[in-house]
Amino acid sequence: MAIPERMIICCQSFRAAGDPKGICHKQTDGFLQYVEEEILDRGLDALVVGSTCLKQCESGPMMVIQPENWWFKGVNSEEAIDAILDGLEDGEPAEDYLAS
Numbered sequence: 001m002a003i004p005e006r007m008i009i010c011c012q013s014f015r016a017a018g019d020p021k022g023i024c025h026k027q028t029d030g031f032l033q034y035v036e037e038e039i040l041d042r043g044l045d046a047l048v049v050g051s052t053c054l055k056q057c058e059s060g061p062m063m064v065i066q067p068e069n070w071w072f073k074g075v076n077s078e079e080a081i082d083a084i085l086d087g088l089e090d091g092e093p094a095e096d097y098l099a100s
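Heads up: the sequence shown at position 37 corresponds to 37 in the UniProt record's numbering, and the numbers run straight through without jumps.
Encoded structure:
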C-alpha cells in the first residue's frame, strides 16, 4: 500500500490511562465513518485516523489535516466536515472552523 498524501486526524479524546476525557468522543458518534466515506467519495488520497486526546478540549471536537497542519475546532456535524473537506479540495482551510 502506498503512503497517503494526507492524514486526517480526528480526536477521540481518550487519554493514556484509557479514561475518556474532554468532549470530542461525546459529540462525534459516526464521525470517523462519515469522514472516511467522504474521503472515498471525493477521491482524496488521505488516511483517516482516530487519535487520543489532542488537548484542545475547550475547542473540540478537533480535526487535524497533515501535512498542512490545519487544526479545526467545533467539528461536530456533517456540515462542518463537508466545509473542511471542501476547503481541502480547494487548497484553503475552512476559516469558520480553523483553530488559532
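Here a beta-carbon is modelled for each residue, glycine too, at the ideal position from N, C-alpha and C.
The structure displayed is predicted, hence computed values, not measured ones.
Please confirm whether residue i and residue j have their CB atoms less than 7 Å apart.
{"i": "Phe31", "j": "Cys53", "result": "no"}
{"i": "Asp45", "j": "Pro4", "result": "yes"}
{"i": "Gln56", "j": "Met63", "result": "no"}
{"i": "Ser51", "j": "Lys73", "result": "no"}
Report the CB separation of residue i from residue j in whole angstroms; it is logged as a contact under 8 Å.
{"i": "Ile8", "j": "Val75", "result": "No, Ile8 and Val75 are not in contact; Cβ-Cβ is about 10 Å, not under 8 Å."}
Name the one or two DSSP bridge partners that residue i has.
{"i": "Ala46", "result": "Arg6"}
{"i": "Phe72", "result": "Met63, Leu98"}
{"i": "Ser51", "result": "Cys11"}
First and last residue of the alpha helix (DSSP H) that includes residue i?
{"i": "Glu78", "result": "78-90"}
To which residues of the same chain is residue i closer than 7 Å at the C-beta, ignoring the five residues directly before and after it?
{"i": "Tyr34", "result": "Glu78, Ile81"}
{"i": "Glu36", "result": "Val48"}
{"i": "Pro93", "result": "Trp70, Gly87"}
{"i": "Ser84", "result": "According to the sequence as given, residue 84 is Ile; it is not Ser. Correct list, in chain order: Met63, Phe72, Val75, Ala94, Tyr97."}
Please list, in chain order, all residues of the same chain as residue i whose beta carbon is under 8 Å from its beta carbon, the five residues on each side excluded.
{"i": "Ala99", "result": "Gln56, Ser59, Met62, Trp71, Phe72, Lys73"}
Can you name, in chain order, every residue of its own chain whose Cβ lies under 6 Å from the Cβ of residue i, other than the five neighbours on each side?
{"i": "Glu38", "result": "Leu85"}
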